[in-house]
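Undergrad: Dropping a structure here in structure tokens format, bear with me for questions.
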Amino acid sequence: MGAHVGWFEAPPEARPLDDWVWHPLREVGWLMSLVTADLNGDGDVDLLLTDRRGPRRGVFWLENPGPVQAAGPWKEQPVGSIGRDEVMFLRYADLEGDGRKDLVSAVKQQHLHFYRRLHA
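According to the numbering used here, the sequence shown is numbered sequentially starting from 1232.
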């Protein structure tokens, strides 16, 4: 533990590295995948992640609250395998050709978890 997913806020003058501000969003045990995508269709880039180890392992997405509140907390949305499996990598794509992006994740126990998107 002790690792975090987060983002750096750029200062007006980017050269002084000490002026950048780190915004931690979520502690992770062993981050395996981190994907940016607008998961809820609001125009903001959200984060989709797999965490392999620790008490909060599984597949999650973090909802970007928008530019005005981005420094505040991002709501964590569980997707699957919460606290159970060692989730490895994920693929977020239109796997069925229906125009909606789905998610598939590899699990250490040598199987795949498929999360089908039912609505746009």
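For every residue, glycine included, the Cβ atom is placed at its ideal position computed from N, Cα and C. No experiment lies behind these values; they were computed from the predicted model shown.
#1: I need the straight-line Cα distance from residue 1274 to residue 1332, nearest angstrom please.
#2: Helix, strand or coil: which one does DSSP assign to residue 1248?
#3: Residue 1317: which of 1237, 1343, 1265 and 1249 sits nearest, CA to CA?
#4: Would a C-beta distance cut-off of 8 angstroms place residue 1261 and residue 1284 closer than the cut-off?
#5: State buried or exposed for residue 1280, treating a residue as buried only when at least 16 other CB atoms are found within 10 Å of its CB.
#6: For residue 1345, count neighbouring C-beta atoms within 10 Å of its own C-beta (all shown protein chains included) and say buried if the count is 16 or more, exposed if not.
#7: Kindly list the residues whose CB is nearer than 6 angstroms to the CB of residue 1256, restricted to its own chain and excluding five residues on each side of it in sequence; keep chain order.
TA: Checking against the coordinates, here is how it stands:
#1: Start at 1 with the first residue of the sequence shown, and residue 1274 comes out as number 43. Start at 1 with the first residue of the sequence shown, and residue 1332 comes out as number 101. If you draw a straight line from the Cα of residue 1274 to the Cα of residue 1332, it is about 16 angstroms long.
#2: Counting from one through the sequence shown, the residue named residue 1248 turns up at place 17. Reduced to three states, the DSSP call for residue 1248 is helix.
#3: Taking the first residue of the sequence shown as 1, we reach residue 1317 at position 86. The residue among 1237, 1343, 1265 and 1249 with its C-alpha nearest the C-alpha of residue 1317 is 1343.
#4: Taking the sequence shown and counting its residues from 1, the one referred to as residue 1261 is at position 30. Taking the sequence shown and counting its residues from 1, the one referred to as residue 1284 is at position 53. Yes, the Cβ-Cβ distance between residue 1261 and residue 1284 is below 8 angstroms.
#5: Residue numbering aside, residue 1280 sits at position 49 when the sequence shown is read from its first letter. Burial of residue 1280 is indicated by the presence of at least 16 other C-beta atoms within 10 angstroms of its C-beta.
#6: Within the sequence shown, residue 1345 is the residue found at index 114, counting from 1. An exposed status is given to residue 1345, since fewer than 16 other beta-carbon atoms sit within 10 Å of its beta-carbon.
#7: Taking the sequence shown and counting its residues from 1, the one referred to as residue 1256 is at position 25. Around residue 1256: 1236, 1237, 1293 and 1305.
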